[in-house]
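**Q** Sequence positions in the sequence shown follow full-length UniProt numbering and run 1 to 298.
Sharing a structure, written as structure tokens. Questions coming.
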Amino acid sequence: MALRSLEPENEQTARILLRQGRSDSACRILESSMATKAKTYGSDSIEFQEASIENIESLLQNVVMLVESKKYDAAVVPLNKILSWTSPGENSLPIQEPNKSQYRAIAFFLNGCVEKGKNNYESSLQYYMNAAPFFESCGMVSELVASYIGASHTLMALDRDDEALIHLRTAYDLLSSPDVSPNVANPVHEAMAYIYMKKGQFEKAKESLEMAIKTRTLTEFLPKFRIEQSRCSSANSTHSAGSGPKPPSATSGGARFRANMARQKRGSNSSVKKEIGHLPIKELGQLKISVNRLMSCV
1 MALRSLEPEN EQTARILLRQ GRSDSACRIL ESSMATKAKT YGSDSIEFQE
51 ASIENIESLL QNVVMLVESK KYDAAVVPLN KILSWTSPGE NSLPIQEPNK
101 SQYRAIAFFL NGCVEKGKNN YESSLQYYMN AAPFFESCGM VSELVASYIG
151 ASHTLMALDR DDEALIHLRT AYDLLSSPDV SPNVANPVHE AMAYIYMKKG
201 QFEKAKESLE MAIKTRTLTE FLPKFRIEQS RCSSANSTHS AGSGPKPPSA
251 TSGGARFRAN MARQKRGSNS SVKKEIGHLP IKELGQLKIS VNRLMSCV
């Protein structure tokens with residue numbers, strides 16, 4: 001008689017433990033489950049890659065809720081696990097790029113939020129700045145702006161307003177990018193206005209406040225269900241700017257990921273690696289954490 005695998009039950013148990021706040025136990029179960037899948041099916045298999053995406057995103061969703069609830073200490077273990085899994089070290093998991101860099105960037109960013117919440121501003125600043133190059137390399141412009149906003153907030157808390165203004169000006173320059181979410185504009189203008197007021201530069205403060213008011217008004221009118229514009233630069237992308245919200249379909253998220261993995265098995269290794277290297281993040285895995293949720297943690 002064939003024995004039924006307990007892996008799905010184990011992963012479900014881990015998710016229950018996460019909801020109960022038992023992050024340490026949940027991480028151990030998820031790590032064991034992913035290691036088993038890598039050994040059983042191979043690290044390039046659909047089973048392993050999908051499990052990695054789902055498990056890491058579950059941890060990140062849990063961390064966001066913990067940070068929003070100001071339960072900073074409980075967020076440390078899952079974040080450190082994700083950094084370990086996405087590092088080049090011995091505990092690294094063979095997760096495909098660009099997913100690996102994407103999750104590493106978000107873990108750095110959320111660590112910055114955690115350290116800021118615990119008033120460890122120097123450490124927070126370092127985490128935000130560690131996240132920035134990964135966001136940039138992945139083409140995650142809105143998240144890159146968010147990392148500069150986070151860094152500026154920590155610098156302002158350290159009374160290093162001139163340095164904070166440098167990061168805010170960098171973020172301001174990025175706001176003109178067609179890939180940036182309008183929801184990150186308001187915090188940039190508000191922070192710049194605050195610094196200019198402290199410096200007595202009231203004309204500049206007025207300009208920034210006016211921009212903050214305009215962007216706040218625009219943000220409030222955005223639909224709650226808005227789907228962010230794809231970061232895809234590929235000619236084969238099915239996304240287009242201004243096409244509006246799309247319902248879930250067989251060509252999005254996990255289904256698209258499975259299709260890509262199936263093509264990988266049929267094609268040659270060299271051609272597949274080249275194809276995967278140029279696919280945008282959302283072609284391989286559906287990022288469930290929006291920049292709005294990340295900004296709620298800053």
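By construction, the Cβ of each residue, glycine as well, lies at the ideal position given by its N, Cα and C atoms.
Note the first and the last residue of the continuous alpha helix (DSSP H) segment covering V63.
**A** Run containing V63: I46 to E68, per the alpha helix (DSSP H) assignment.
**Q** Please identify the residue among E203, M156, L83 and K199 whose C-alpha is closest to the C-alpha of N130.
**A** L83
**Q** What residue from E31, I56, M65 and A157 has the CA that sits closest to N120's CA?
**A** A157
**Q** Helix, strand or coil: how does DSSP classify E115 here?
**A** Under the three-state reduction of DSSP, E115 is assigned to helix.
**Q** Given a cut-off of 7 angstroms, decide if E163 and L155 are closer than it, judged by their beta-carbon atoms.
**A** Yes. Within cutoff.
**Q** In this structure, how does DSSP classify P178 when only helix, strand and coil are distinguished?
**A** coil
**Q** Looking at the structure shown, is S152 part of a helix, part of a strand, or coil, going by DSSP?
**A** helix
**Q** Does the distance from the C-beta atom of V67 to that of D24 stay below 7 angstroms?
**A** no
**Q** Which residues bound the alpha helix (DSSP H) around M34?
**A** S23 to Y41
**Q** So, P178 versus C138, is the Cβ gap smaller than 7 angstroms?
**A** Taking 7 angstroms as the Cβ cut-off, P178 and C138 do not qualify as a contacting pair.
**Q** Excluding the 5 residues flanking K274 on each side, which residues of the same chain have their C-beta closer than 8 angstroms to its C-beta?
**A** Confidence in K274 is poor, its pLDDT being 31 and thus under 50, which makes the residue's placement unreliable; the coordinate value appears in the next sentence. Contacts found: none.
**Q** Nearest by alpha-carbon distance to S152: which of R169, M140, V141 and E136 is it?
**A** R169
**Q** Alpha carbon to alpha carbon, how far is M211 from S92? Give it in angstroms, no decimals.
**A** 44 angstroms
**Q** How is L93 classed by DSSP in three states: helix, strand or coil?
**A** coil
**Q** If you compare alpha carbons, which of E90, S69 and Y196 is closest to D161?
**A** Y196
**Q** Under three-state DSSP, which class holds V76?
**A** helix
**Q** Mapping DSSP to helix, strand and coil, what is S296?
**A** coil
**Q** What would DSSP say about S133, mapped onto helix, strand or coil?
**A** In the sequence under discussion, the amino acid at residue 133 is Pro, which differs from the Ser named in the question. Note: P133 maps to helix in three-state DSSP.
**Q** Return no unless some Cβ of chain B is closer than 7 angstroms to the Cβ of S152.
**A** Within the model displayed, chain B is absent; a lone protein chain is all it includes.
**Q** Roughly how many whole angstroms lie between the Cα atoms of A14 and I166?
**A** Answer to the nearest angstrom: the Cα atoms are 42 angstroms apart.
**Q** Using only alpha-carbon positions, find the residue among I213, L18 and S181 that is nearest to M192.
**A** I213
**Q** Take the Cβ of H189 as the centre, count every other Cβ of all protein chains shown within 10 Å, and call the residue buried at 16 or more, exposed below.
**A** buried
**Q** Using C-beta distances below 7 angstroms, list every residue in its chain close to V141, excluding the 5 sequence neighbours before and after it, in chain order.
**A** L174, S177, D179 and V180
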